[in-house]
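I have placed the structure first, in the form of C-alpha cells, so that the comments after it can refer back to it.
Protein chains: 2
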Amino acid sequence: MEKKITIAIDAMGGDNSPNKIIEGLSLFLKKNIQNDDFLINLHGDKKKIEIELNKFSISNKLIKIIHSSTEVSDDETPLTALKNSKNTSMWNCINSQLEGDADISLSAGNTGVLLVISRMILKMMSQLSKPALAGLWPNKNGMNVVLDLGANIECNDENLVEFAELGSALYKSLYPDDKPLVSLLNVGSEEIKGTEILKKAYKKLNNLSNENNFIFKGYIEGNKIMDGGANVIVTDGFTGNIALKTAEGTAKFITDNLKKTLTENILTKISLIFSYFALKKFKNRLDPRKYNGAIFLGLNGPVVKSHGGTDAKGFYHSIDLCYKIVKGKLLVQIKNNLNHLKNDKL
Amino acid sequence: MEKKITIAIDAMGGDNSPNKIIEGLSLFLKKNIQNDDFLINLHGDKKKIEIELNKFSISNKLIKIIHSSTEVSDDETPLTALKNSKNTSMWNCINSQLEGDADISLSAGNTGVLLVISRMILKMMSQLSKPALAGLWPNKNGMNVVLDLGANIECNDENLVEFAELGSALYKSLYPDDKPLVSLLNVGSEEIKGTEILKKAYKKLNNLSNENNFIFKGYIEGNKIMDGGANVIVTDGFTGNIALKTAEGTAKFITDNLKKTLTENILTKISLIFSYFALKKFKNRLDPRKYNGAIFLGLNGPVVKSHGGTDAKGFYHSIDLCYKIVKGKLLVQIKNNLNHLKNDKL
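Rendered as C-alpha cells:
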C-alpha cells in the first residue's frame with residue numbers, strides 16, 4: 001500500500017477562519033469521496049475546529065486535529081515573527097513536515113510571516129540560492145506557472161535560471177502530460193532587449209533547454225503571457241508581483257464595467273435571461289478563486305499560501321492544489337531538475 | 347491673434363500609411379470643424395498624400411504638405427538610424443519643430459528610430475537626466491498618465507522624481523481642471539516595501555508634494571492602478587512596459603472570452619439584441635484606440651508615437667492628443683515643474 005498524501009492545514013489563518021477553512025475542506029471531501037489516498041491534519045484551536053466540523057457534518061477518519069493554543073496575528077511583521085510565532089497553528093503546521101507528519105503545508109495567514117518561518121523551519125535546498133513564490137495564471141490553452149511573485153524583489157541571472165527549473169518542476173507535477181515551455185518576461189522578444197541580467201539568464205536557459213526538463217522559448221512580453229506559447233513564465237519578484245496584480249486589477253476593472261453595463265436598464269436585464277448560463281460559464285472560467293494558492297518553492301518541503309481574503313470555494317482550490325502537487329511528486333521533480341542544473345555546464 | 351497650434355505629422359509611418367493617416371486626419375477635421383486654431387503639416391510622399399486627400403475630399407487651407415522622398419523602414423534599427431534616416435518623412439517631421447515650423451510631432455513609424463532621432467534633433471532639456479515615454483491608461487474616475495513605458499529600462503531615484511514632474515505637467519496640460527496625484531508603483535503600499543531606489547524616490551517625492559505641482563500619494567500596487575486614487579503613476583521603463591502590456595493582454599483575453607461566450611448559441615445571440623447598445627457603449631469605453639499615443643517627454647519639444655498597427659480611428663485619437671497637449675501648454679507646465687524641482691531642497 002502506498003503511503004497516503006498528508007496535507008497539513010493551518011485552520012486559523014486568513015479572514016473568517018476556521019469557518020471558511022472547514023467549509024472549503026468539506027467541498028474537497030465531497031469532490032474526493034472516491035479517493036482514500038489522503039489524510040488531512042488540521043492545526044489550530046481544537047474546540048473551534050470541532051464546532052465547524054460539526055456544522056458541516058464532517059466526521060471523517062481521514063481528518064485529524066492537532067491542537068495549537070495560539071495563532072499568528074495579521075499585524076505580526078516578519079521581523080518579530082520568529083520570536084512570536086512559535087507554537088502557533090501556522091508554525092506547528094509547517095513544523096509537522098519536518099517531523100515527517102505531513103507532505104505539504106497550507107495556510108491563509110500572514111504572508112510575510114509564513115515565508116519567514118517556512119524558510120527557517122524547512123530550510124532552503126542546499127543547491128539553491130533563493131526560494132521563489134509561484135502562482136497559477138490562466139492562458140488560452142490552459143494554465144501558466146508564473147514565478148517569482150514577490151519573494152525576492154531583486155534577482156540575478158542565476159536566481160532566474162533556478163526559478164526556471166523550479167517552475168518547470170511544479171508544472172510537471174501539476175500537468176504530467178504536458179511539456180514545460182519556459183519564457184523569460186521582458187520588454188521585447190528580440191535577443192538584444194532587456195537588462196544584462198536577463199541577457200545572461202537567456203544564454204544559460206538556452207543552453208539548458210532540453211526535452212526532459214524544459215524547452216526554453218526565449219523572451220515573452222507582458223501582452224503574450226496569456227497566449228499559451230509558454231507555460232512557465234520566469235521573472236524577478238518585483239516585476240512578477242506587479243504583473244500579477246496589474247492583471248488582477250485590469251480583470252476587475254473590466255468585469256465591474258461589464259456588470260454595470262448588463263444591469264443598466266430594462267433591456268440589458270432582459271438580455272441576461274438569455275445569456276445567463278453562458279455568462280455563468282464565462283464568469284466561472286475567469287473566477288480568481290480557481291487560481292487561489294501561491295506555492296513557495298525551493299525549501300525542503302512545499303508550502304502553499306492561500307489568499308487571506310478568499311472564501312470557502314477559494315480555499316477548496318488551494319487544498320486541491322496541495323493534493324495535486326504531492327500526487328505529482330513535486331519534490332522528486334525539483335530534485336531531478338536541480339541535478340540537471342548541476343550537471344550541465346552553464 | 348494667437349499663434350495657431352501647428353501639428354507636424356509623419357504621413358508615411360506605420361501600417362497602411364498614408365491611407366490611415368489621412369483618414370484619421372479627416373476624422374479630426376470633422377470633429378474640429380468649428381475650430382480654426384490649428385494647422386497640420388503632412389510630411390511624406392506628396393503624390394501619395396494628395397491621392398489620399400482627394401479620396402477623403404480634404405481640401406483644407408489648414409493642411410500643408412511637405413514633400414519627403416524617403417521614409418524610415420520598419421526594419422531599421424536605432425543603431426543605424428542616424429545614418430539612414432536623414433531627410434526621411436519622420437526626420438523632417440521632427441526637424442520642423444527645431445525650425446519653429448511646428449509645436450509637436452506625431453508618427454506611427456518605427457519606435458526605436460523615433461526615440462533616437464527625436465532625442466538627437468530636439469535634445470534633452472538641460473535640467474533633466476533622462477527622457478521618458480508616457481501613456482494614457484483609464485481609471486475608474488477618468489484617466490491616468492503612466493510613465494516610463496520603456497524608454498529607460500534602468501532608472502535611479504532621481505529619474506523617478508523627474509518622471510513625476512514630467513508626468514504631472516502632462517496631466518495638467520491634458521486635464522487643466524484636475525490635480526495631479528502622483529504614486530510610485532511598488533509591490534506593497536507600506537513605506538518599508540520595495541527597492542532602495544524606490545525608498546529614496548519616496549522620500550524626495552514626499553518632500554516635493556505640494557498643491558501647485560503635484561500631490562504625492564505614496565506607493566501604489568498593480569491592482570490599484572485603475573482605482574482612481576492616483577492619476578500619475580511613476581515607475582521605471584522596464585516595469586512600466588511590462589505592466590502596460592500585461593494589462594493589454596489581460597483585457598484582450600477577457601474580451602475575447604466574452605465575445606466567444608455571447609455568440610456561442612442561439613440564446614446568447616438573442617440576448618445580444620437586448621444588450622446591443624449597452625455592450626457597444628461598454629466596448630467603446632474600453633476601446634484601446636481611445637488611448638492611442640505615447641508621449642515622449644523631456645525633450646525641447648513634444649513628440650507623440652502612435653501605435654504602428656492602429657487604424658484611422660486610433661490615429662485620429664493621437665492627433666487629438668497632440669492638439670490637446672499643445673493647447674494645454676505642456677512645455678510651459680514642464681518648465682514650471684522643473685523650476686520647482688530645482689528650487690526645492692531634495
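If you read the protein sequences in the order shown, they are chains A and B.
Just so we're aligned: 194 in our numbering is position 194 of the first sequence, and the numbers increase by one with no gaps anywhere.
Just add 346 to wherever you are in the second sequence, counting from 1, and you've got our numbering.
We treat Cβ as the ideally placed atom computed from N, Cα and C, and that holds for glycine.
Computed from a predicted structure; not experimentally measured.
- Here B/Leu428 is exposed: its Cβ has fewer than 16 other Cβ atoms, across all protein chains shown, within 10 Å.
- Proximity of chain B to A/Arg285 at the Cβ level (cut-off 7 Å) is accounted for by Asn603, in chain order.
- In chain order, Leu452, Asn638, Gly639, Val650 and Ser652 place their CB closer than 7 Å to the CB of B/Ser664, counting only its own chain and leaving out the 5 sequence neighbours on each side.
- In chain order, Thr607 make up the part of chain B whose C-beta sits under 7 Å from the C-beta of A/Leu279.
- For B/Leu530, the uninterrupted beta strand (DSSP E) segment begins and ends at Leu527 to Leu531.
- Taking 8 Å as the CB threshold, A/Thr310 stays off the interface with chain B.
- Sixteen is the threshold: when 16 or more other Cβ atoms of the shown chains lie within 10 Å of the Cβ of B/Phe599, as they do, the residue is buried.
- One alpha carbon belongs to A/Leu79, the other to A/Ile121, and they sit about 16 Å apart.
- Listed along chain B is no residue with a C-beta nearer than 9 Å to that of A/Ala108; the closest approach is about 18 Å.
- Shown here for B/Asp573: same chain residues with a beta carbon closer than 8 Å to its own, the five before and five after excluded, namely Asn485 and Lys486 in chain order.
- When secondary structure is reduced to three states using DSSP, A/Lys217 falls in the strand class.
- Between B/Leu544 and B/Ala589, the C-beta spacing is not below 8 Å.
- Straight across, the Cα-Cα distance linking B/Val578 with A/Ala134 is about 30 Å.
- Counting along the chain, the unbroken alpha helix (DSSP H) around B/Ala593 starts and ends at Gly583 to Leu608.
- Close to chain B, meaning a Cβ-Cβ distance shorter than 7 Å, are the following residues of the region 178 to 194 of chain A: Leu185, Val187 and Gly194.
- Checking the DSSP bridge columns, you'll see B/Trp483 partnered with B/Asn490.
- Within the region 237 to 250 of chain A, contact with chain B at the beta-carbon level (separation under 8 Å) is assigned to Gly237, Phe238, Thr239, Asn241, Ile242, Ala243, Leu244, Lys245, Thr246, Ala247, Glu248, Gly249 and Thr250.
- Within 8 Å of the CB of B/Asn611, the CB atoms of chain A belong to Ala278, in sequence order along the chain.
- Taking 9 Å as the cut-off between beta carbons, none of the residues of the region 111 to 134 of chain A comes near chain B.
- Within 7 Å of the CB of A/Glu221, the CB atoms of chain B belong to Lys591, in sequence order along the chain.
- Using a Cβ distance threshold of 8 Å, A/Val326 and B/Asn587 do not count as a contacting pair.
- In this structure, DSSP gives B/Ile379 a state outside helix and strand, which the three-state scheme calls coil.
- Residues of the same chain with a CB within less than 6 Å of the CB of A/His67, apart from the 5 flanking positions on each side, are Lys46 in chain order.
- Using a Cβ distance threshold of 8 Å, B/Ser617 and A/Ser271 count as a contacting pair.
- B/Gly574 sits in coil when the DSSP states are folded into three classes, being neither helix nor strand.
- For B/Asn387, the pairing in a beta bridge is given by DSSP as B/Ala354 and B/Lys410.
- Restricting attention to B/Leu482, B/Ile538, B/Glu542 and B/Arg465, the CA atom closest to the CA of B/Cys501 is found in B/Glu542.
- For the options A/Phe214, A/Ser89, A/Gly218 and A/Pro176, the alpha carbon positioned closest to that of A/Glu191 is the one of A/Gly218.
- The secondary-structure analysis by DSSP pairs A/Met124 across a beta bridge with A/Leu299.
- It is roughly 31 Å from the alpha-carbon of B/Pro648 to the alpha-carbon of A/Gly249.
- No residue range can be given for A/Ser73, since it is assigned to no alpha helix (DSSP H) and is classified by DSSP as neither H nor E.
- Check the Cα spacing between B/Gly674 and each of B/Lys570, B/Leu516, B/Lys629 and B/Phe628: the tightest is with B/Leu516.
- For A/Glu154, the chain B residues whose C-beta falls within less than 7 Å of its own C-beta are Thr541, listed in chain order.
- By the neighbour-count criterion, in which 16 or more other beta carbons inside 10 Å mark a residue as buried, B/Glu398 falls on the buried side.
- A/Thr268 reaches chain B at Phe620, Ser621 and Ala624, counting residues in chain order whose Cβ is nearer than 7 Å.
- Residue environment for A/Ser126: exposed (fewer than 16 other C-beta atoms within 10 angstroms of its C-beta).
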